[in-house]
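Asks: Below you will find the structure I want to go over with you.
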Amino acid sequence: MDPVFPLLHVVMAILNFSRANLTSCNLQGHPLYPQLLNDGDIIIGGIFPLHNYWEITDLSYSVSPPPLKCRSLDFTALQSSLTLIFAIEEINNSSLLLPGITLGYKIYDTCSSASLGVKMAMALVNGYDNSISSEPCTKPAQVQAIIGEAYSSVSMAIAMSIGPFSIPQISYFSTCKCLSDKRKYPSFLRTIPSDYFQSKALAEMVSHFGWTWVGAIKRDDDYGNSGMAAFTEVAERLGICIEYSLPFFKTYSKERVLHIVDQVKSATSRVIVAFLGTRELEILLQVFFEHNITGFQWVGTEGWISDSELAKLDKSKILQGAIGLAIPKTKVTGLKNFFVEVRPLKSSGNVIFKEFWETLFKCKYTNQSNSVNIAVCTGQEKLSDVEDIYSDVSLMPIYSNVYKGVYAIAQTLHNFLGCNKTCPTKTQPDSLTFLQHLKMVHFKSKDGEEVYFDENGDPPAKYEIINWQVNREYKHELVTVGLYDSSVSFPEHLMINITYILWAQNNTKVPKSVCSESCSPGTRKAVQKGKPICCFDCIPCAEGEISNMTDSITCEQCQQDYWSNPQKDECVKKEIEYLSYEETMGILLTAASILGAFVTMIITMILFKYRSTPIVKANNSELSFLLLFSLILCFLCSLTFIGQPSDWSCMLRHTAFGITFVLCISCVLGKTVVVLMAFRATLPGSNVMKWFGPPQQRLSVLAVTLIQILICVLWLIISPPFPFKNLERSKEKIILECHLGSAIGFWAVLGYIGLLALLCFILAFLARKLPDNFNEAKFITFSMLIFCAVWITFIPAYVSSPGKFTVAVEIFAILASSFGLLFCIFFPKCYIIILKPEKNNKKQLMGKIPGS
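Just add 168 to the spot in the sequence shown (first one is 1) and you have my numbering.
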């Protein structure tokens, strides 16, 4: 911000004006004369910061403040003003543009002060004398348009002042986004792009290099604040976080500057975005050097990135590797020679040029000093012999903006006045009409560049991307490494050749500047509490979820038939689980089933061979062979439980199991009843066997089995078992199993088997001690005991077993109970037949052998 003291000029002028007679002009104060002046038919005004600061000699407030004393001549601003003169002289010497009309100029110095800028603008509008006359103060504007100012704050103050008069103001270096607001600044235009485009380009460039955690230092004025606000807005959309945003101005106290130093040193970001001017950066360079703050990657704006003189001042290489946006290089033919040919004694602004000459050549025109070290200026010194900022044309793009601004005014005048070979009139158009025409001007410069203004008074945005490098001679070079063009669609508008870039500390690798390292695929970002979104933890995705991108903010759920791989970065087909013939458990159970069936068939053949022997005939041989047949079926039905479930296998496995086991138990039950009935038949007068002879035994087995068949048929009709993908029991697998369909049907089948087994066990238990050398009832008791024990333990094991083990448990129960029946009932018979044939006789079986 500018100090308040120069505002006294404006305040006093306003107070004097309020007291003045409205019908007469009575302006008081010091007359304001232009630094550079040339008359013409139509005058173009110029306002430039020819000096960097000012001095006020009397602050007593008892008298009117004296004129400000400007100090520290700015060569860049001087060259900008000379560009205006060069363009006007070129137009005046041309027969193609405004023939017959001469353009003049009045150029004022603002001393980089907003208040002085307003005062100079009013002098251009109303004249610069302080005479007292009876003429009204209101009169036509003295200039057609104004070129200037450089600083956004000064341009804003001027635009607010002259906007109501509709006098066009064309700035060549004011980039504040706020100046695009036509409601506040209706007459403001510029030939340099708005900071909005620059901020957008900077944010996209920062994002392009993967920097998500940056610091920022901004000039504490409208240029810095507005530019930083626009940068922040775009950066947030691109996922860039700003660790700190520190204001700075060249007039800041030492304490405030040290606070900036502390903030930068304690920060974790390694990239600094600097919305600063050259003067502010010069001060910071010195302070950073004193505190040894190096190694940061600087990102710059056009306010300083293309300043080669600043690069020369960076002796400690603090800014080495800096990258930023600059106005594209351009060439104004003849302008450099025009600069070199300037002579102070031949120039219209003799005072300013004498100061320039004395500053540049470190001499005095009159030796007012006693020091012998100060030379006397002759005016014949050669500018071409001096290597200084004045001879440096790296800022030619800025001067080109002045040049285009003058030509835009001249082209608008040419079109408005209807000039062809000559201009019909030299009458200066009124300001409002001229402003409307100026906004619509569209032409090509001598170099083929299109010049026009959009609805906000801004030109199209084009920037070169500049990289500060140190060559082999250890001299700074400003190397163009890319281009930004807002007129090109995304993403082609940003082109960077990263292989040409040398980064901070002469590194060829892109530096890192992140708050948290990127989250790899398989994890997601979780923002750390109380910190920006760029600071996060990487949380592994949950089971069944994946993230296949870096820095994913969410994990995606896999589809139903898929599951996450161990890295959680890909959904893979779930493993399908069922009891197959290929796996070890399936092979063992298959072998056990076939073995059981094979052993049963061997036993059947043995019994068939010895069918005429008493031990085979005992207890009804038909039931024995039917029991063996049903046991073979029991062993084989377990094979239907192995393999991938299908419609037929699901219906077959439970019904076959239920029917064969009932057939088996019904045979055992028949044999048990035969034992009991046979004992009863030995009692005197008993004829019970005629009621339970072979026909009745066959019918009982058939009737008992038919009941189970009926249950199974009803089950299959109402709600049969079917293949089912069980996704609930295991998240990682698809378990193929047979859904029971009707659970009632399943438990009815098991319940009926259990009821028969219990009945058989009770009857066998009652007959176990009947007097007989070979009482089959006690073997049936053991077999039923094993059978019941197996199936009682089966129920909880079946319910709690996971996946394919459920099926394995059921097969094991079938095999265990089948082997129990086979061994307990038929192994003793085979033992006698093969190993004890002497006992295989009727007497032995009936217990009638003496001494037996």
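A virtual CB, placed ideally from N, CA and C, is assigned to each residue, including glycine.
So, helix, strand or coil for TYR221, using DSSP?
Replies: Here residue 221 refers to the residue found at position 53 of the sequence shown. Residue state, collapsed to three classes: strand.
Asks: Closest to GLY463 by CA distance: which of SER484, ALA289 and GLN454 is it?
Replies: Taking the sequence shown and counting its residues from 1, the one referred to as residue 463 is at position 295. GLY463 has its Cα closest to that of SER484, out of SER484, ALA289 and GLN454.
Asks: Where do the N-terminal and C-terminal ends of the alpha helix (DSSP H) with TRP472 fall, by residue?
Replies: As a first step, residue 472 must be located in the sequence shown, where it is residue number 304. Unbroken run through TRP472: none, as it is neither H nor E.
Asks: Taking the beta strand (DSSP E) that ILE385 falls in, what are its first and last residues?
Replies: Looking up residue 385 in the sequence shown gives position 217. ILE385 -> beta strand (DSSP E) spans 381-387.
Asks: Is TYR575 near the ligand ATP, in the sense that its beta carbon is under 7 Å from a heavy atom of that ligand?
Replies: Absent from the structure shown: the ligand ATP. Ligands present: none.
Asks: Count the other CB atoms, across all protein chains shown, that sit within 10 Å of the CB of TRP915; report buried if there are 16 or more and exposed otherwise.
Replies: Residue mapping note: residue 915 aligns to position 747 of the sequence shown, counting from 1. Result: exposed.
Asks: Can the beta-carbon of ARG358 be found closer than 8 Å to that of LEU347?
Replies: In the sequence shown, residue 358 corresponds to position 190, counting from 1. In the sequence shown, residue 347 corresponds to position 179, counting from 1. For ARG358 and LEU347, yes; Cβs fall inside 8 Å.
Asks: If we call anything under 8 Å between Cβ atoms a contact, is GLN337 one with ILE275?
Replies: Within the sequence shown, the letter at position 169 stands for residue 337. Within the sequence shown, the letter at position 107 stands for residue 275. No, the pair does not count as a contact, with Cβ atoms beyond the cut-off.
Asks: Give the straight-line distance between the Cα atoms of ILE633 and MET373, rounded to the nearest whole angstrom.
Replies: Translated into the one-based positions of the sequence shown, residue 633 becomes position 465. Translated into the one-based positions of the sequence shown, residue 373 becomes position 205. Taking the straight line from one Cα to the other gives about 9 Å.
Asks: Quick one: Cα of GLU790 to Cα of GLN876, how far?
Replies: If you number the sequence shown from 1, residue 790 lands on position 622. If you number the sequence shown from 1, residue 876 lands on position 708. In a straight line, the C-alpha of GLU790 is about 21 Å away from that of GLN876.
Asks: Got a sec, what are the start and stop residues for the beta strand (DSSP E) VAL425 sits in?
Replies: Counting from 1 along the sequence shown, the entry for residue 425 is found at position 257. That residue, VAL425, is in no beta strand (DSSP E); its alpha helix (DSSP H) goes 422-434.
Asks: If you run the structure through DSSP and keep just helix, strand and coil, what is THR648?
Replies: Indexing the sequence shown from 1 puts residue 648 at position 480. Strand, per DSSP.
Asks: Measure from the alpha carbon of SER474 to the alpha carbon of each residue in ASP598, LEU646, LEU426 and ARG438, then state which is nearest.
Replies: Counting from 1 along the sequence shown, the entry for residue 474 is found at position 306. Here the closest residue by C-alpha is LEU646.
Asks: SER387: which of SER321, GLY616, ILE408 and ALA403 sits nearest, CA to CA?
Replies: Locating residue 387 in the sequence shown gives position 219, where the first residue counts as 1. The sequence shown places Arg at residue 387, not Ser. Nearest C-alpha to ARG387: SER321.
Asks: Quick check on ILE335: does DSSP put it in helix, strand or coil?
Replies: Stepping through the sequence shown from its first residue, residue 335 is reached at position 167. Coil, per DSSP.
Asks: Here's the rule I'm using: 16 or more other beta-carbon atoms within 10 Å means buried, otherwise exposed. How should ALA576 be labelled?
Replies: The count along the sequence shown starts at 1 and reaches residue 576 at position 408. The residue is buried, with at least 16 neighbouring Cβ atoms inside 10 Å.
Asks: What is the DSSP secondary structure of ILE833, counted as helix, strand or coil?
Replies: In the sequence shown, counting from the first residue as 1, residue 833 sits at position 665. In the structure shown, ILE833 sits in a helix (DSSP, three-state: H, G or I).
Asks: In whole angstroms, give me the CA-to-CA distance for GLY573 and GLY213.
Replies: Start at 1 with the first residue of the sequence shown, and residue 573 comes out as number 405. Start at 1 with the first residue of the sequence shown, and residue 213 comes out as number 45. Each residue's alpha carbon lies about 12 Å from the other.
Asks: Is ILE269 helix, strand or coil by DSSP?
Replies: As a first step, residue 269 must be located in the sequence shown, where it is residue number 101. Residue state, collapsed to three classes: coil.
Asks: Report the residue from ILE1001, GLY383, ALA403 and GLY625 whose alpha carbon sits nearest the alpha carbon of PRO415.
Replies: By 1-based counting over the sequence shown, the position of residue 415 is 247. That would be GLY383, whose Cα lies nearest to the Cα of PRO415.
Asks: Can you grab the Cα-Cα spacing for the pair GLU411 / VAL695, in whole Å?
Replies: Residue mapping note: residue 411 aligns to position 243 of the sequence shown, counting from 1. Residue mapping note: residue 695 aligns to position 527 of the sequence shown, counting from 1. Rounded to the nearest angstrom, the gap between the Cα atoms of GLU411 and VAL695 is 15 Å.
Asks: With the cut-off set at 8 Å, would you say LEU252 and TYR229 are in Cβ contact?
Replies: The residue labelled residue 252 in the question sits at position 84 within the sequence shown. The residue labelled residue 229 in the question sits at position 61 within the sequence shown. No.
Asks: Count Cβ pairs between the stretch 798-809 and the stretch 762-771 that sit closer than 8 Å; are there 3 or more?
Replies: yes
Asks: If LEU931 sits next to VAL830, beta carbons under 8 Å apart, how far is it from one beta carbon to the other, in whole angstroms?
Replies: Against the sequence shown, residue 931 aligns to sequence position 763. Against the sequence shown, residue 830 aligns to sequence position 662. Not quite, the Cβ-Cβ distance comes to about 16 Å (not below 8 Å), so this is no contact.
Asks: Spell out a yes or no on whether the stretch 977-989 and the stretch 958-966 are touching, meaning 3 or more CB-CB pairs, one atom from each, closer than 8 Å.
Replies: yes
Asks: LEU912 bridges to which residues according to DSSP?
Replies: Start at 1 with the first residue of the sequence shown, and residue 912 comes out as number 744. Looking at the sequence shown, residue 912 is not Leu but Ile. BP columns for ILE912 are empty, so no partner.
Asks: Among PHE341, GLU618 and THR436, which has the Cα closest to the Cα of PRO565?
Replies: As a first step, residue 565 must be located in the sequence shown, where it is residue number 397. Of PHE341, GLU618 and THR436, the residue nearest in Cα terms is PHE341.
Asks: Given a cut-off of 8 Å on the beta-carbon distance, is the pair GLY392 and GLN366 in contact?
Replies: Residue numbering aside, residue 392 sits at position 224 when the sequence shown is read from its first letter. Residue numbering aside, residue 366 sits at position 198 when the sequence shown is read from its first letter. No.
Asks: Please report the Cβ distance between ILE542 and LYS532, rounded to the nearest whole angstrom; I am assuming they are in contact, meaning their Cβ atoms lie under 8 Å.
Replies: Taking the first residue of the sequence shown as position 1, residue 542 is located at position 374. Taking the first residue of the sequence shown as position 1, residue 532 is located at position 364. That belief holds up - the Cβ atoms of ILE542 and LYS532 are roughly 5 Å apart, short of 8 Å.
Asks: Grouping DSSP H, G and I as helix and E and B as strand, with all else coil, what is PRO659?
Replies: Numbered from 1 along the sequence shown, position 491 holds the residue referred to as residue 659. Three-state DSSP puts PRO659 in coil, outside helix and strand.
Asks: Starting from ARG692, follow its DSSP beta bridges and name the residues at the other end.
Replies: Indexing the sequence shown from 1 puts residue 692 at position 524. In the DSSP output, where bridge partners are listed per residue, ARG692 has ILE707.
Asks: With contact counted as at least three CB pairs below 8 Å, one residue from each stretch, are the stretch 698-707 and the stretch 661-676 in contact?
Replies: no
Asks: Check whether the Cβ atoms of LEU757 and SER684 lie closer than 8 Å to each other.
Replies: Translated into the one-based positions of the sequence shown, residue 757 becomes position 589. Translated into the one-based positions of the sequence shown, residue 684 becomes position 516. No, these two residues do not count as a Cβ contact at 8 Å.
Asks: Alpha carbons only, please: which of PHE994, ALA397 and PHE243 is nearest the one belonging to PHE524?
Replies: Taking the first residue of the sequence shown as 1, we reach residue 524 at position 356. Closest by alpha carbon: PHE243.
Asks: Quick check on the DSSP output: the alpha helix (DSSP H) that includes ASN518 runs from which residue to which?
Replies: One-based indexing of the sequence shown puts residue 518 at position 350. Looking at the DSSP string, the run of the alpha helix (DSSP H) that includes ASN518 is 518-529.
Asks: Assign ASN624 to one of three DSSP states: helix, strand, or coil.
Replies: As a position in the sequence shown, residue 624 is number 456, starting the count at 1. ASN624: coil per DSSP, three-state reduction.
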